[in-house]
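Notes follow the structure.
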Amino acid sequence: MYVGVDIGGTNIRVGAVDTKGKVHKSESFRHPPHRDENHIAELISGRVLDMEKSGIDVEGVGVGAAGRLDINRGVILKSHNAPTGNSYNLVGPISKAVGKKVILANDATAAAWGEHRFGQGRGIDNMVYITISTGIGGGAIVDGNLLLGKDGRASRIGHTVVDFNSDQECGCGRLGHWEGLASGRNIPRTLAAYLAARGERAEKYAGIKSEAIFALYNGGDQKIRGFVDDYLMRLYAAGVSSAINNFSPDLIVMGGSVARNNTAIFEKGIAMHLLEYGGAERCRVTFTELGDEIGVIGAAALAMDFERLPR
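Convert by adding 173 to the 1-based position in the sequence shown; the result is the number in the numbering used here.
Next comes the structure, spelled out in structure tokens:
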């Protein structure tokens, strides 16, 4: 059995996964209040040791984490949820505490490997996984190989520029990025800017969350429908088209809570605008069937394939 750890933008999920990709035990908890730099590693190590005490034979640990990483040193360099706000070590402390091999990768990269090994990407040597959640990320499999790049930062497609006219900052401080405009965290900001640019009153939507925006869309709100159909889906299609043109995949699998909870809207909107940007004729776009466990499964799959993956 292998332990997969998914450190996302909001929650941390830890699960035990067998070599067929089945999750046997899993729990999710929110990021703890900021403490010392070892706190998250200690929490994860504790969960792994608890699994072993319960009778699970842990062979290795895989960690997928959001943020900027140095996978060679096993360090998260920058994350909005880092305990100190800066870098903190994961691989060394966890490996020392549990006595197992530990591998670290970007969370979307890990999910891509999980989808390739156990999801709709099985048997497909060229595919891309895209997550639309608190943030936007991706991972690519090219000719059967997982792309990692320098410091594990390949396939950071959330930082693709999808609107060069936008002055809205991404979390990284740059402008026009896919994540900065269309992630779950930033959709409300983008809605406000969209309405303001058109001179439309936005008081009704003050403080709105992304979930409520899609609920209003389904309820027929015409301003929201205009925003989603004419602008937001155009951003997603531009990002997907860029992924198709950059990686030449046969398959794109989309996941993350924003995409999975609104598949009908995404399917229609992306398909409509993808015809303008190109790529629809060369690649199938679908949604993960691995649910909330995709990150855990992917991280565990990294540990399973520890010896064959580039590091």
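Every residue gets a Cβ at the ideal spot worked out from N, C-alpha and C, and that includes glycine. Small disclaimer: the values here were computed from a predicted structure and weren't measured.
About 5 Å separates the CB atoms of residue 177 and residue 188; that is less than 8 Å, so the two are in contact. Of the candidates 375, 405 and 382, 405 places its Cα closest to the Cα of residue 354. Per DSSP, reduced to three states, the secondary structure at residue 434 is coil, with no helix or strand assignment. Beta-bridge pairing by DSSP links residue 350 to 334.
In the displayed model, residue 202 falls within a strand according to three-state DSSP. Residue 197 is classed as exposed because its beta carbon has fewer than 16 other beta carbons within 10 Å across all chains shown. If you draw a 10 Å sphere on the C-beta of residue 206, you find fewer than 16 other C-beta atoms in it, and that means exposed. With a cutoff of 8 Å on beta-carbon distance, residue 317 and residue 274 are scored as not near each other.
Note that the C-beta distance between residue 469 and residue 271 is not below 8 Å. Here DSSP, grouped into helix, strand and coil, assigns residue 394 to coil. Look at residue 251 here: in three-state DSSP terms it is strand. With a contact defined as Cβ atoms closer than 8 Å, residue 334 and residue 357 miss out at about 19 Å.
Proximity to residue 351 across 308, 377 and 319 peaks at 308, based on C-alpha coordinates. Burial check for residue 277: the Cβ neighbour count within 10 Å reaches 16 or more, so the residue is buried. Excluding its 5 nearest sequence neighbours in each direction, residue 325 has C-beta neighbours in its own chain below 6 Å: 242, 244, 278 and 279, listed in chain order.
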